[in-house]
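Inspection log for the structure reproduced underneath, given as structure tokens.
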Amino acid sequence: MEEKEVKQPATEQAPQTGEQGEGFGRRPAKFGNRQKRRPCAFCMNKSTLDYKDVNRLRKYLTQNGKIISRRQTGLCARHQREVTNAIKRARNMSLI
Ligand SMILES: [Zn+2]
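Taken in order, the sequence shown gives residues 51 to 146; the numbers are from my numbering.
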């Protein structure tokens, strides 16, 4: 009786090379490391924002009318709050 060579069925999997999960963890390893922090635009100009100043308020809104976060605007906490309040006031007056 001949002994057949039993081949185990090759598992059909792609050979696992190192990279996998493309497009999942696409985040830079070090997020910090910023040294120069630009002062916020309102601190530099020492200007105040008015809710009637819609053109300037629009800089801090997305196209959908949402308020852009502080991380993206680069404002300091105080002025971001002023911007937020001005935007909300302008919304209330239906200027925006
Ligand atoms: Zn400021």
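The C-beta atom is built at its ideal place from N, Cα and C for all residues, glycine as well. The structure displayed is predicted, hence computed values, not measured ones.
Taking Glu-132 as the centre and dropping the five residues before and after it, the same chain places the C-beta of Leu-99 closer than 7 Å to its C-beta, in chain order.
When rounded, the separation of the alpha-carbon atoms in Pro-89 and Lys-116 is 23 Å.
For Arg-141 and His-129, the gap between their C-alpha atoms comes out near 18 Å. Thr-98: not part of any alpha helix (DSSP H); DSSP gives it neither H nor E. Here Cys-126 has Cys-90, Cys-93 as same chain residues with Cβ atoms under 7 Å from its own Cβ, once five neighbours each way along the sequence are excluded. Spatial neighbours of Ala-136 in its own chain (CB-CB distance under 7 Å, excluding positions within 5 residues in sequence) are listed in chain order as Leu-99, Asp-100, Tyr-101, Leu-107.
Per DSSP, the unbroken alpha helix (DSSP H) holding Thr-123 starts and ends at 120–123. Secondary structure at Ile-137: helix, using DSSP grouped into helix, strand and coil.
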